[in-house]
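Before any comments, here is the structure.
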Amino acid sequence: MADQWPRLFNEKMESLTVDRINELHNPLFLKQLEHVSKHSPLYQEKFKAAGLEAGDIKSIEQIDQLPFTVKSELREAQMRNAPVGAHRAVDIVDLSRVYSSSGTTGIPTYIGLTQSDIVNIHAEVIARFAWGGGIRPDSIVVNIPTAPFIADTFREGLEKMGAVNFPTGFNTDRVISAFKYQSANALHSTVSFWSYLLKEIEKAGLDPKKLGIRRIIGGAEGGTKAVRPLIEESFGATVIEGMGMGEQACIVWGECVENRGRAGMHYMAQGIVHVELIDPETDKPLEIKEGATGELVYSGLIHQAMPLLRYRSRDHVRVVGVDRCDCGRGGMRIEVLGRYDDMLTVLGVNVYPLAIKDVATTFKPRLSGQIEVQLEEPGTAVKPPLKIKAELGEEPGDLKELKKLLERELRARLIFQAEVELVQELPQYQYKGKLIRKLYEE
Ligand SMILES: [Zn+2]
45 MADQWPRLFN
55 EKMESLTVDR
65 INELHNPLFL
75 KQLEHVSKHS
85 PLYQEKFKAA
95 GLEAGDIKSI
105 EQIDQLPFTV
115 KSELREAQMR
125 NAPVGAHRAV
135 DIVDLSRVYS
145 SSGTTGIPTY
155 IGLTQSDIVN
165 IHAEVIARFA
175 WGGGIRPDSI
185 VVNIPTAPFI
195 ADTFREGLEK
205 MGAVNFPTGF
215 NTDRVISAFK
225 YQSANALHST
235 VSFWSYLLKE
245 IEKAGLDPKK
255 LGIRRIIGGA
265 EGGTKAVRPL
275 IEESFGATVI
285 EGMGMGEQAC
295 IVWGECVENR
305 GRAGMHYMAQ
315 GIVHVELIDP
325 ETDKPLEIKE
335 GATGELVYSG
345 LIHQAMPLLR
355 YRSRDHVRVV
365 GVDRCDCGRG
375 GMRIEVLGRY
385 DDMLTVLGVN
395 VYPLAIKDVA
405 TTFKPRLSGQ
415 IEVQLEEPGT
425 AVKPPLKIKA
435 ELGEEPGDLK
445 ELKKLLEREL
455 RARLIFQAEV
465 ELVQELPQYQ
475 YKGKLIRKLY
485 EE
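Structure follows, in structure tokens:
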């Protein structure tokens, strides 16, 4: 398709190669460090506890001398200095919004933003991500809200890049009408909604290809590898996924249309979030090169309301490339292996629930692709067999055979012994799938 638009939304930033990143980030990092030292009660305490004085850190090369920040600290910090918490580094007059996110532990976590945070962080990364997904200023994007935070920031990101934002809500009639009667040609929604929409369209007797949906973008949920070819084929669309975190930037990683599903997700937050790769056992930084695996650690660079330095993501990733992609992006690309917090070991083999879900998803339509790992005892070392509930799909076929096949496939691909229980329905979690159920009292 001839494209009258530039290749990248922010060519200067996105085309930067890995070896040039520190040059760009150094002055931003030093300014951010000064901001948190002066205004963030949390970091004033943390630096004092670590014996750090202002001026000790003179360059981003010394970032590993700063203490890490972990999620539980924020949970504790948010109980002081409301709104947001002890990590708030601006006055309330400068604060524009506070979002609460559904915490997995029951207590919400809070995200505070200034106007600059909204426009220069979240809208900017979403504009880069949507552009990477083939959306252009002449695209009409049906934008289906998930949580308020994502709904708002996606609207602002799409508007920043000049695309037409077309919110419809979850009403499928309105979604279909937007494509059928209003020339909408792109879709942003959760990954789970793609399959749901496809079914509804087929139920209505419509040909999904004729609706004109050409670009689909969504947040990475895991277990989508097997679904994507079907979605792309059925709609005649390209599908790309992205990943980030509300506390830093709602997109830090995103695929591109040129290499979707193959080359991993591109780093997209140049000049906004600095990324380190560390060994989670030794906490030591790792060199970012092809094949390296470790935990992602994020430091905000231009964050005003709640700047966080060296924030542990708990995401276990592999660097799949640092060379320039066909799309023109120059930074590193990663693939997600799983979340360290979810990692289990069965007879010394590391097992991620996300990987189990990926395997279950390949059994569609016999299985729905939803799974839940059942843990009977505390601790992450599990005595085999690992108990897994898998939800039946629309055409399960012979159940005994299905159970055996899934157990065999898990053993072949993930090298552990599973005991599968097939169930009609697992509890639905709309936003982020909860993949582990603890059957013991905590
Ligand atoms: Zn690319």
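For what it's worth, my numbering labels the leading residue of the sequence shown as 45, then goes sequentially. The C-beta atom is built at its ideal place from N, Cα and C for all residues, glycine as well.
Distance between beta carbons of residue j and residue i, contact taken as under 8 Å
i           : j           : result
residue 362 : residue 381 : 6 Å
residue 470 : residue 435 : 5 Å
residue 366 : residue 332 : 7 Å
residue 70  : residue 104 : 5 Å
residue 318 : residue 352 : Not confirmed; about 11 Å, so no contact.
residue 299 : residue 262 : That pair is no contact at about 10 Å.
residue 483 : residue 420 : 5 Å
residue 230 : residue 204 : About 16 Å; that fails the 8 Å criterion.
residue 510 : residue 451 : Residue 510 is absent from the structure shown; the chain starts at 45 and stops at 486.
residue 131 : residue 118 : 6 Å
residue 354 : residue 91  : Not quite, the Cβ-Cβ distance comes to about 12 Å (not below 8 Å), so this is no contact.
residue 73  : residue 343 : 7 Å
residue 202 : residue 224 : At roughly 21 Å, the Cβ-Cβ gap does not stay under 8 Å, so residue 202 and residue 224 are not in contact.
residue 312 : residue 169 : 6 Å
residue 288 : residue 301 : Not a contact, Cβ separation roughly 19 Å.
Cβ-heavy atom distance, residue i to ligand 1, below 6 Å
i           : result
residue 172 : no
residue 294 : no
residue 64  : no
residue 302 : yes
residue 373 : yes
For residue i, the nearest candidate out of the options (CA to CA)
i           : options            : result
residue 141 : 231, 290, 252      : 290
residue 320 : 188, 77, 65, 272   : 65
residue 375 : 412, 454, 77, 68   : 68
residue 243 : 268, 274, 263      : 274
residue 270 : 400, 92, 110, 429  : 400
residue 221 : 235, 202, 186, 207 : 186
residue 156 : 172, 137, 411      : 137
residue 350 : 287, 99, 127       : 127
residue 249 : 277, 217, 237      : 217
residue 102 : 288, 259, 253, 78  : 78
residue 481 : 91, 50, 160, 424   : 424
residue 398 : 330, 443, 268      : 268
residue 358 : 334, 385, 370      : 385
residue 120 : 48, 154, 96, 253   : 154
residue 180 : 133, 162, 209, 82  : 209
residue 85  : 129, 51, 50, 108   : 129
residue 390 : 189, 407, 454      : 454
residue 135 : 151, 82, 143, 409  : 82
residue 60  : 443, 368, 461, 238 : 368
residue 257 : 282, 246, 89       : 282
residue 364 : 337, 373, 388, 387 : 337
residue 178 : 432, 329, 51       : 51
residue 107 : 297, 96, 360       : 96
residue 160 : 324, 235, 139      : 139
residue 335 : 241, 326, 307, 413 : 307
residue 418 : 396, 412, 194, 433 : 433
Strand pairing of residue i, partner residues [DSSP]
i           : result
residue 362 : 337, 379
residue 208 : 184
residue 411 : 436
residue 310 : 298, 377
residue 418 : 431, 481
residue 230 : 185, 259
residue 463 : 431
residue 141 : 157
residue 344 : 317
residue 356 : 341
residue 388 : 395
residue 282 : 259
residue 426 : 390
residue 94  : Its beta-bridge partners do not exist; DSSP assigns none.
residue 8   : Residue 8 falls outside the range modelled here, since the chain spans only 45 to 486, and no answer is possible.
residue 293 : 289
residue 268 : Answer is none; residue 268 lacks a bridge partner.
residue 113 : 355
Short CB-CB distance (under 7 Å) between residue i and chain C
i           : result
residue 398 : Chain labels in this structure do not include chain C; a single protein chain is all it has.
Closer than 6 Å: residue i CB and nearest ligand 2 heavy atom
i           : result
residue 280 : Summarising the ligand content, the structure contains ligand 1 and does not contain ligand 2.
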